[in-house]
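**Q**
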Amino acid sequence: MTLVDAFCNGNAQRRKGIKERIMFNKLDYIESCIADYEAKIETEKELIKGYKRAVKRNKNILNQFKALNLPALHIIFIEGFIKRDSDSIKFYEKLLKNKEAGLKKLKIEKFTATGRKFKVMKGGSS
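Residue numbers for the sequence shown, in the numbering used here: 1145 to 1270.
1. Given I1192, which residues of its chain have a CB within under 8 Å of its CB, disregarding the five upstream and five downstream residues?
2. Going along the chain, which residues of its own chain have a beta-carbon closer than 6 Å to the beta-carbon of A1150, five neighbours each way excluded?
3. With burial defined as no fewer than 16 other Cβ atoms inside 10 Å of the residue's Cβ, what is the status of N1202: buried or exposed?
4. Roughly how many angstroms lie between the CA atoms of A1216 and E1190, to the nearest whole one?
5. Please look up how many angstroms separate the CB atoms of I1174 and L1250, rounded, as I've assumed it's under 8 Å.
6. Exposed or buried, I1222, counting other C-beta atoms within 10 Å across all chains shown (16 or more means buried)?
7. With DSSP as the reference, label N1204 as helix, strand or coil.
8. Taking the alpha helix (DSSP H) that T1256 falls in, what are its first and last residues?
9. How is L1171 classed by DSSP in three states: helix, strand or coil?
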């Protein structure tokens, strides 16, 4: 082995080590993003549940107000709360759907970054 071969071989080993460290950092980053997305998805699911409980509670109050023949102003007020909460549910469900799609992309990116290959089958991927 000549001095030039040894030098080139040493540089190749260093580049390989740097490449492995970059790949490791990329995987760490992807895994932290996945953990963040999962936490955000869980938080939004809890938020949606809270809004659904609020809508149900407000509908019960609305029915009680109607049964007691309270003024229309009170009824309109409660209907406004129900509409606002229903709009919030739609908004957060749309965000949740987008975050779940982003999480799926991150998981695929992690899978491909590790060097594995996956095949697409009818009905989904595995």
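Backbone N, C-alpha and C fix where the C-beta goes; we use that ideal spot for every residue, glycine too.
**A** Quick look at the numbers:
1. Residues of the same chain with a CB within less than 8 Å of the CB of I1192, apart from the 5 flanking positions on each side, are I1233, Y1236, E1237, L1240 in chain order.
2. Note on A1150: pLDDT 49, under 50, position unreliable in the model; the coordinate value appears next. Close CB contacts of A1150 within its chain, under the 6 Å cut and outside five residues either way in sequence, are absent.
3. buried
4. In this structure, the straight-line span from the alpha carbon of A1216 to that of E1190 is close to 33 Å.
5. The beta-carbon distance between I1174 and L1250, rounded to whole angstroms, is 6 Å. This is short enough to meet the 8 Å contact definition.
6. buried
7. helix
8. 1216-1257
9. DSSP places L1171 in helix when its eight states are reduced to three.
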